[in-house]
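Chains as they are written, first to last, in this note's numbering: chain B, 17 to 206; chain W, 6 to 179.
So, in structure tokens, the structure goes:
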């Protein structure tokens, strides 16, 4: 439904910006509950549950954050926190997002490094690693679907894989060489 | 290696974060290459740390924290994480302020259309390299490819398959 009759809408399109403690708490819960990718959970919290942004505003923010270097979800936290509360908001959202996951991952890492000599732990990690590699493969195949009918884009993708896997070129070199070529080849898609 | 590895960690992960155009998984090929070149760990150890980060809650960039932990303990974990997050966050903060001005600009869509095929290649390369590091025999190969196939064919949550992989391994079936 287009937003043409706001008078009949029972809830406003977006809620007022959160306070710093609410910001911290909500990013904390997203970080803690976000298994296998935080982004979908963050979108649900920000757009559907808290109504801090409309769906279009979220997409716009996300496309900026994917465009900039760094971890996408961290960039989302920095952008939204900063929009509402300046630098303090950015730091609050980022700390909320990362505090619990860092504690969990360090604890698990310490357990792994302490007991990896045990056969059961070593075998469990062999299985976990194999499954995780399959997870990344499936992500690659899934995000490849928008380019599957574009031979030029597929050629760039194949060149990227070959440069990294077969030639083992540094990422910096791959990006410097292939990004300009890819932009030139795919400009009609924009 | 002589001296503290902390400056190397800081430099490496700041540099990596600036190259992260397709999210943290796109950095896996480079991260794996660098930690091996520094003599910090073998590809199989890196694959295990990566798997651990995948199985943990939170952003999947946390493999950065684990690499830092493995190299230099707690201070290494903090250094690597901060180096990865702080410079790119400052950049994001600054750019987000002026973003509205050029979000409809054509050059931005042109660049984005060019970046997408490269990003896809980065993630696929990450999958292939992790697979090569984690797969040691036919059962682990089947587990890796089977996980990918099941995830593509069903809407199953990845955590179930990671747990199943760990359980199969612990049970001595691999």
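Ideal Cβ placement from N, Cα and C applies to all residues, glycine included.
Minimum C-alpha distance to residue i - residue among the options
| i | options | result |
| --- | --- | --- |
| residue 164 of chain B | W:126, W:171, W:168 | W:126 |
| residue 62 of chain W | B:119, B:70, B:65 | B:119 |
| residue 25 of chain W | W:161, W:69, W:51, W:164 | W:69 |
| residue 37 of chain W | W:8, W:71, W:158 | W:71 |
| residue 222 of chain B | B:65, B:56, B:94 | With chain B covering 17 to 206 only, the question about residue 222 of chain B has no answer from this structure. |
| residue 110 of chain W | B:169, B:80, B:202, B:31 | B:80 |
| residue 78 of chain W | W:164, W:10, W:153 | W:10 |
| residue 141 of chain B | W:64, W:173, W:41 | W:173 |
| residue 188 of chain B | W:156, W:153, W:123, W:150 | W:123 |
| residue 3 of chain B | B:34, B:66, B:65, B:92 | Past the boundaries of the shown model lies residue 3 of chain B; chain B is included only from 17 to 206, so the question cannot be answered. |
| residue 45 of chain B | B:102, B:116, B:195 | B:116 |
| residue 138 of chain W | W:20, W:55, W:91 | W:55 |
| residue 110 of chain B | W:28, W:91, W:100 | W:91 |
| residue 93 of chain W | W:22, W:155, W:64, W:18 | W:22 |
| residue 199 of chain B | W:66, W:171, W:161, W:121 | W:121 |
| residue 177 of chain B | W:19, W:53, W:35, W:18 | W:35 |
| residue 122 of chain B | W:67, W:16, W:169 | W:67 |
| residue 58 of chain W | W:175, W:156, W:29 | W:29 |
| residue 43 of chain B | B:127, B:192, B:107, B:71 | B:107 |
| residue 159 of chain B | B:148, B:167, B:173 | B:173 |
| residue 171 of chain W | B:195, B:67, B:139 | B:139 |
| residue 76 of chain W | W:179, W:153, W:18, W:160 | W:18 |
| residue 167 of chain B | B:204, B:83, B:73, B:59 | B:204 |
| residue 162 of chain B | B:67, B:202, B:38, B:60 | B:202 |
| residue 119 of chain W | B:83, B:143, B:184 | B:83 |
Interface flag, residue i vs chain B, CB-CB below 8 Å
| i | result |
| --- | --- |
| residue 6 of chain W | Reliability of the predicted coordinates at residue 6 of chain W is poor, the pLDDT of 48 falling under 50, and the value obtained from them is presented with this limitation in mind. Chain B, which has no Cβ nearer than 8 Å to the Cβ of residue 6 of chain W, makes this no. |
| residue 59 of chain W | yes |
| residue 145 of chain W | yes |
| residue 119 of chain W | yes |
| residue 47 of chain W | no |
| residue 44 of chain W | no |
| residue 55 of chain W | yes |
| residue 109 of chain W | no |
| residue 12 of chain W | no |
| residue 67 of chain W | yes |
| residue 160 of chain W | no |
| residue 81 of chain W | no |
| residue 87 of chain W | no |
| residue 171 of chain W | yes |
| residue 130 of chain W | yes |
Inter-residue Cα distance where the pair is residue i and residue j
| i | j | result |
| --- | --- | --- |
| residue 43 of chain W | residue 13 of chain W | 9 Å |
| residue 177 of chain W | residue 137 of chain B | 10 Å |
| residue 86 of chain W | residue 113 of chain B | 13 Å |
| residue 69 of chain B | residue 63 of chain B | 5 Å |
| residue 104 of chain W | residue 31 of chain W | 24 Å |
| residue 112 of chain W | residue 179 of chain B | 26 Å |
| residue 96 of chain B | residue 40 of chain B | 12 Å |
| residue 163 of chain W | residue 117 of chain W | 28 Å |
| residue 23 of chain B | residue 30 of chain B | Interpretation of residue 23 of chain B is limited by its pLDDT of 47, a score under 50 that renders its predicted location unreliable; no figure is taken from the coordinates. |
| residue 134 of chain W | residue 34 of chain B | 42 Å |
| residue 51 of chain W | residue 134 of chain B | 18 Å |
| residue 145 of chain B | residue 156 of chain B | 17 Å |
| residue 101 of chain W | residue 132 of chain B | 43 Å |
| residue 150 of chain W | residue 49 of chain W | 17 Å |
| residue 57 of chain B | residue 165 of chain W | 17 Å |
| residue 158 of chain W | residue 136 of chain W | 19 Å |
| residue 33 of chain W | residue 89 of chain W | 14 Å |
| residue 78 of chain B | residue 87 of chain B | 11 Å |
| residue 32 of chain B | residue 99 of chain B | 12 Å |
| residue 147 of chain W | residue 130 of chain B | 29 Å |
| residue 48 of chain B | residue 64 of chain W | 10 Å |
| residue 170 of chain B | residue 191 of chain B | 16 Å |
| residue 73 of chain W | residue 27 of chain W | 21 Å |
| residue 82 of chain W | residue 85 of chain B | 20 Å |
| residue 104 of chain B | residue 98 of chain W | 11 Å |
Any C-beta of chain W under 8 Å from that of residue i
| i | result |
| --- | --- |
| residue 149 of chain B | yes |
| residue 189 of chain B | no |
| residue 81 of chain B | yes |
| residue 69 of chain B | no |
| residue 40 of chain B | no |
| residue 192 of chain B | no |
| residue 165 of chain B | no |
| residue 152 of chain B | yes |
| residue 184 of chain B | yes |
| residue 198 of chain B | yes |
| residue 133 of chain B | no |
| residue 203 of chain B | yes |
DSSP beta-bridge partners of residue i
| i | result |
| --- | --- |
| residue 62 of chain W | B:51 |
Residue i CB to nearest heavy atom of the ligand GDP below 7 Å
| i | result |
| --- | --- |
| residue 120 of chain W | As presented, the structure is devoid of all ligands, the ligand GDP included, so that no description of it is given. |
Legend entry - Contact between the segment 126-139 of chain W and the segment 132-152 of chain B (3+ Cβ pairs under 8 Å): Result yes; three or more Cβ-Cβ pairs closer than 8 Å.
Inset, instruction - Evaluate contact between the segment 43-53 of chain W and the segment 142-162 of chain W, counting only Cβ atoms and requiring at least three cross-stretch pairs below 8 Å. - result: Not touching, per the Cβ criterion.
Legend entry - Near-chain C residues of the segment 97-126 of chain B (beta-carbon distance less than 8 Å), N- to C-terminal order: In the structure shown, chain C cannot be found, because the protein chains are B and W.
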